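Visitor: Input: one structure, supplied below.
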Amino acid sequence: EHGDRIAELFCRRCHRCVCALCPVLGAHRGHPVGLALEAAVHVQKLSQECLKQLAIKKQQHIDNITQIEDATEKLKVNAESSKTWLKGKFTELRLLLDEEEALAKKFIDKNTQLALQVYGEQADSCREQLDVVNDLSNRVWSISQEPDPVQRLQAYTATKQEMQRQMSLGELCHPVPLSFEPVKSFFKGLVEAVQSTLQTPLDIRLKESMNCQLLDPSSTKPGTLLKTSPSPERSLFLKYARTPTLDPDTMHARLRL
Numbered sequence: 001e002h003g004d005r006i007a008e009l010f011c012r013r014c015h016r017c018v019c020a021l022c023p024v025l026g027a028h029r030g031h032p033v034g035l036a037l038e039a040a041v042h043v044q045k046l047s048q049e050c051l052k053q054l055a056i057k058k059q060q061h062i063d064n065i066t067q068i069e070d071a072t073e074k075l076k077v078n079a080e081s082s083k084t085w086l087k088g089k090f091t092e093l094r095l096l097l098d099e100e101e102a103l104a105k106k107f108i109d110k111n112t113q114l115a116l117q118v119y120g121e122q123a124d125s126c127r128e129q130l131d132v133v134n135d136l137s138n139r140v141w142s143i144s145q146e147p148d149p150v151q152r153l154q155a156y157t158a159t160k161q162e163m164q165r166q167m168s169l170g171e172l173c174h175p176v177p178l179s180f181e182p183v184k185s186f187f188k189g190l191v192e193a194v195q196s197t198l199q200t201p202l203d204i205r206l207k208e209s210m211n212c213q214l215l216d217p218s219s220t221k222p223g224t225l226l227k228t229s230p231s232p233e234r235s236l237f238l239k240y241a242r243t244p245t246l247d248p249d250t251m252h253a254r255l256r257l
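The UniProt record's numbering puts the first residue of the sequence shown at 1, with every later residue one more than the last.
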């Protein structure tokens with residue numbers, strides 16, 4: 001507006017350098033103005049503070065990258081370590097299952113042998129009794145074929161008591177089948193319980209597990225970042241530290257600083 005005059009003032013409303021007449025006669029009349037030199041010094045100070053903050057922010061980004069890269073390496077190591085640990089635990093589980101299978105088979109073999117032993121003893125006893133019956137049957141047949149009445153009577157008298165003992169029918173044996181259904185039912189229930197548990201997705205099982213709930217909840221969220229604000233400057237801390245505010249309902253209401 002006054003091109004022939006030196007712009008020695010700075011309009012703080014329009015943010016432009018103006019001459020001394022502009023605030024009085026020109027378009028900047030009534031606007032707050034100040035010396036351009038002072039405004040330039042203030043801008044220089046703001047620029048220095050901005051550069052300082054940018055440097056701090058730049059270092060923050062560098063530190064963040066370092067922290068993330070360090071966490072990345074630790075995560076890889078932790079993942080491999082966890083898989084190795086899991087491999088060991090599943091190996092232990094397989095060994096336990098193999099041992100349990102061997103114990104169950106041993107239980108079946110033991111009870112089978114006991115039952116077979118009893119069956120064998122009963123069969124031997126039946127064979128002995130069968131031999132006795134066959135022998136008596138042969139002698140009775142001989143008596144019935146004896147032509148001499150006197151000898152027939154004598155032979156009958158000698159065999160009479162034994163014949164009377166054998167006249168009553170013996171007991172019929174019905175071996176009760178040895179059932180292994182309790183063993184099968186037990187392990188069937190175990191398998192079904194494991195299958196029922198494993199049908200639920202792993203992440204849901206981990207959330208429902210009380211042991212996992214006691215751990216850090218962020219451990220189940222991949223890529224969780226804990227963000228914190230930088231600590232205040234010492235000057236601001238000292239400024240507000242000198243003006244404490246006490247709650248009137250505090251236990252130390254009579255405290256004076």
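Built from N, CA and C at the ideal position, the CB exists for glycine as well. A quick note: this is a predicted structure, and the numbers were derived from the prediction, not measured.
Count the C-beta pairs between the stretch 144-161 and the stretch 193-200 that are closer than 8 angstroms, then say yes if the count reaches three, no if not.
Guide: Taking 8 angstroms as the limit for Cβ pairs, the verdict is that the stretch 193-200 does not touch the stretch 144-161.
Visitor: Taking its Cβ as the centre, do 16 or more other Cβ atoms sit within 10 Å of CYS19, making it buried, or is it exposed?
Guide: Taking the first residue of the sequence shown as position 1, residue 19 is located at position 19. Looking at its Cβ environment, which holds 16 or more other Cβ atoms inside 10 Å, CYS19 is buried.
Visitor: Helix, strand or coil: which one does DSSP assign to LEU9?
Guide: For the purposes of this step, residue 9 is taken as residue 9 along the sequence shown, with counting starting at 1. The answer is strand: DSSP assigns LEU9 an E or B state.
Visitor: Quick check: MET163 and LEU130, are their CB atoms within less than 8 angstroms of each other?
Guide: One-based indexing of the sequence shown puts residue 163 at position 163. One-based indexing of the sequence shown puts residue 130 at position 130. Going by C-beta atoms, MET163 is not nearer than 8 angstroms to LEU130.
Visitor: Return the chain-ordered list of same chain residues with a C-beta closer than 7 angstroms to the C-beta of ALA104, the five sequence neighbours on each side being excluded.
Guide: Translated into positions along the sequence shown, residue 104 becomes position 104. Closer than 7 angstroms at the Cβ level, and outside the excluded window around ALA104, lie VAL183 and PHE187.
Visitor: What did DSSP end up calling LEU35 once you bin it into helix, strand or coil?
Guide: For the purposes of this step, residue 35 is identified with residue 35 of the sequence shown, where counting begins at 1. DSSP places LEU35 in strand when its eight states are reduced to three.
Visitor: Between the C-alpha atoms of SER144 and TYR156, what's the straight-line distance to the nearest angstrom?
Guide: Taking the sequence shown and counting its residues from 1, one reaches residue 144 at position 144. Taking the sequence shown and counting its residues from 1, one reaches residue 156 at position 156. The straight-line gap from Cα to Cα measures roughly 9 angstroms.
Visitor: Please report the distance separating the alpha-carbon of ASP98 from that of THR91.
Guide: Within the sequence shown, residue 98 is the residue found at index 98, counting from 1. Within the sequence shown, residue 91 is the residue found at index 91, counting from 1. Spanning the two alpha carbons is a distance of roughly 10 angstroms.
Visitor: From GLU80 to GLY223, what does the alpha carbon distance come to, in whole angstroms?
Guide: As a working mapping, residue 80 is identified with position 80 in the sequence shown. As a working mapping, residue 223 is identified with position 223 in the sequence shown. So the alpha carbons of these two residues sit roughly 17 angstroms apart.
Visitor: Does DSSP classify CYS50 as helix, strand or coil?
Guide: In the sequence shown, the residue the question calls residue 50 occupies position 50. In the structure shown, CYS50 sits in a helix (DSSP, three-state: H, G or I).
Visitor: Taking 8 angstroms as the cut-off, does the stretch 60-70 touch the stretch 36-52 (at least 3 CB pairs, one atom from each stretch)?
Guide: Touching, no, given that fewer than three Cβ pairs across the two stretches are closer than 8 angstroms.
Visitor: Taking the alpha-carbon positions, what's the LEU114 to SER125 distance?
Guide: Counted from its first residue, the sequence shown places residue 114 at position 114. Counted from its first residue, the sequence shown places residue 125 at position 125. LEU114 and SER125: Cα-Cα distance of roughly 17 angstroms.
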